[in-house]
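Everything below concerns the one structure shown next.
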Amino acid sequence: MDYKSVARKWALYNRMKYDKLDLGSIISKVVAELPEIKKNIREIIPEIKKIVIDIQKLSKEEAIEILEREFPNMLQERKKETRKGLPPLPKAEKGKVKTRFAPNPSGYLHMGHARAIVLNYEYARMYNGIFVVRLEDTDPKVKKPVLEAYENIKEDVEWLIEDKVDEFYIQSERLEIYYDYARRLIEMEKAYVDLCNHGKIAELRRRGEYCEHRNMPVEWHLEQWDKMLEGGYDEGQAVLRIKTDLHPNPSVRDWIAFRIVNPEKNPHPWLEYKYGENYAKKFWVWPTYNFAVAIDDHLMGLTHIFRMKEHEVNTIKQRYIYKYFKWESPVIINYGAFIVRDMPLHKSEIRRLIEAGKVEGWCDPFLPTLCGLRRRGILPKAIKKYIIEVGPNPADVVVNWEKIYRYNREIIDNQSKRLFFVEDPIRVFIENLPDNLELKIKNHPDIDLGCRNFKISKPYVYIEKGDLKYKYIRLMEGFNIELISVGDNITAKYIDNSLDTAKKIGAKIVQWVPEEYAVKITVWKSDGRIKGIGEKYINEIKDGEIVHFIRYGFLKREKEHFIYMHK
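Converting from the sequence shown to the numbering used here requires adding 760 to each position, the first position being numbered 1.
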C-alpha cells in the first residue's frame, strides 16, 4: 500500500471517531506503517494534507461507508477498541446493589437526565439489584413542581429503560418522616433553630462566627421547631440548621436543613392536587435538598449514588447526617455533564420557548426532551447503547448525535420501507418514453418488505431541481434519461432501462416520482415544515410507522405529516 492509501485509510478512520482531524496524528500513523518514507517526509506532507482536507469534509457516516468498502479491516480495529458494557462497580455484590434516579419534577426529562437513568438502571440490573425512581419535590416555591411532570417522568423513565421501575417515591408525601429525623437531631444537639435574619447570617458567616441561637437549650429549640411546624413563623423568620465544624467552605458551615414556605401563598401543587387544598395548607416547613436526600438514601437502602461532579459539596453536607446517625455512607460515583449543543436543554430555556410559541411544547420532536426524542422516532436502545459506551466518565461529554442516529439507523434500517420523495421538485417532460412502461420496485433492497408497481403512461416525472446540473440521469430503479433542454420547460430524452448503460455514460442516480403517482407530502424538519412531492404509496404508511425516503432520510409518520428523524 502506498503512502496516499495509508493516509486516506487513517484519515477516514479518525473522521469516523472524531469531529476534527489532526494532520500530525495522521502523519505519525503513516510514518509508523511506512517508515521508509521518513526521508522524503517534507515532500509528502503537502499531499497528505490534501487528503486530510478532503476527508474532513465527509460526515462520519460517509467515512464509515467508505471504510466498509475500501478498508473493512479498520472497522474490526475499531471494534477491538470499543469497550463492551459498563466497567465494574466498586464495593458491589450480586443481589445487594440498589441505585436511584431522583429528578425534580419542575419540568420534563431531557437527554441530560438520560445518562443518570441509564447508568443507575443498567448497574442495578448488572448486579441483580434494585432501581429506584424518587421525585425530589420539596421546594414548592423556587423550583415549583409541574403537575403533568409527575406521571410523565415515570412514563419517560420506563420508556427509556424498556422496563418497570422497581420502587417509586414522591418526597412531598414523606414530610412526617423528615420531621421525625429533624426532631431527633435537635434532641441529639446536632441541629438547631436559627431566628437570625439573612443579613446577620451572612455577616456571621463572613466572620466565621456562630449565631447566638446555636447554644440555646434543647428544650428551646424543640419549642421553636414546633412553632415552625404550626405556622408560628413566616418565610425568612426561622430555619433549622445542621451543626457542623468551622468548615473551610462557608456554604457547608451549619447548613440549612429546613426552611419555611408559606402554604397560603405557595401551596404545594402535588399535595393540593392529590389531597386537597386544606391538606396542602398544613405544611409550612420544607426540607432542603441535602436533608431529604440524606435521609431517603439511607432509609431506601441505596448502596451506590451516581451524581454530577457539581454535587461534591452536597456530598460533604450529607455526610454530616450519616455521621450523626452512625449510618454507613453509600458509594459515590461522580460523572461529568452531558453537554447538548444546538438544542435548548435547560428547563427554564425550554419553558421560555414554549411560552413564546417557538416550540410546540415539552414534547416537540426537535427538543432533546425524552418525550420529544420518542416522538421523533429515536429508539431507547440507541440512546442506551450510546450512554453505556460513554460510561460513568468523570469528564464532561458533548452528546454525539451522529452516533446516536447511527445506532438508531442500525435498528430501524431493516424495518423501514424505501420510498421516493422529492423536496424541491421540478417537472420534466421525457421524449420517446415507451408506452405503458411498467416497473416493479422492491420496498427494501435486502429484506422482503414487499414491492410496489409503477405503470407509467404519462411522459412526466418530478426530480430535484438541483439535479438539473447533470446531463445524464438514472431515475433510481427505473430508466436512464438525457437532459436536452433546461429553461421554462424541462425536456429530457429517454435512453433505456439498462444499469450498464448508466455506468458507461456516468449517469447520476437520483430519486424521482412519476407524475401520475405524485402526491403532496408535508415534512416537519427542525427549521419548519416543507412540502414536497412523494409517490402515492407513501399514503399507505401508518401513523407512527417509520419510513426511509431514499437519499433523503428516515421519517416517522404523525397523522398528516412526516417528522424528519435523521439521515
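Yeah, the Cβ is synthetic: ideal placement off N, Cα and C, and Gly gets one too.
- A Cβ-Cβ separation of about 18 Å leaves Y938 out of contact with P1027 under the 8 Å criterion.
- For the pair of segments examined, the segment 952–961 was found to touch the segment 989–1004: the number of CB pairs separated by less than 8 Å reaches three.
- When only Cα atoms are considered, D814 and K1280 end up about 37 Å apart.
- DSSP links L1179 through a beta bridge to F1309.
- Here the alpha carbon of N1196 sits roughly 24 Å from the alpha carbon of H1204.
- For the alpha helix (DSSP H) assignment, the uninterrupted runs of no fewer than 4 residues enclosed by the segment 1001–1078 are, from N- to C-terminal side, 1029–1035, 1037–1040, 1049–1059.
- With 16 or more other Cβ atoms from the protein chains shown falling within 10 Å of its own Cβ, V925 counts as buried.
- Across the structure, W1161 and C971 are spaced so that their CA atoms are roughly 52 Å apart.
- Residue ranges of uninterrupted alpha helix (DSSP H) with 4 or more members, entirely inside the segment 1106–1179 and ordered along the chain, are 1107–1115, 1130–1136, 1140–1150, 1161–1172.
- Contact between I804 and I797 holds: their C-beta atoms lie close to 6 Å from each other, under 8 Å.
- Residue range 907–921 is occupied by the alpha helix (DSSP H) that includes K914.
- About 11 Å separates the beta carbon of L1235 from that of V1182, a gap too long to meet the 8 Å contact definition.
- Judged by beta-carbon spacing, W1030 lies beyond the 7 Å limit of K1077, meaning their Cβ atoms are not closer than that value.
- Taking C-alpha positions only, L1259 is separated from K1316 by approximately 31 Å.
- Apart from sequence neighbours up to five positions away, the residues of its chain that approach P847 with a beta-carbon distance below 8 Å are G1151, P1152, ordered along the chain.
- In this model, F1322 and N1174 are separated by some 19 Å (Cα to Cα).
- In this structure the segment 972–980 does not lie against the segment 1082–1094, because fewer than three pairs of beta carbons, one per stretch, are closer than 8 Å.
- P1128 and M871 do touch by the CB rule: their CB atoms are close to 4 Å apart, below 8 Å.
- Counting every other CB atom within 10 Å of its CB across the protein chains shown gives S1286 a total below 16, marking it as exposed.
- Ranked by Cα distance from D1102, the options I1147, S788, E1320, V1159 are led by V1159.
- Looking at the backbone, the Cα of D1056 and that of K851 are separated by about 20 Å.
- Non-local C-beta neighbours of G784 in its own chain, meaning closer than 7 Å and more than five positions away in sequence, are absent.
- Secondary structure in the segment 1232–1302: the alpha helix (DSSP H) runs of 4 residues or longer, each lying completely within the stretch, are 1259–1265 in chain order.
- Restricting attention to I1265, Y1222, R829, the CA atom closest to the CA of Y1232 is found in I1265.
- If you look at V790, you'll find it in the alpha helix (DSSP H) that goes 783–793.
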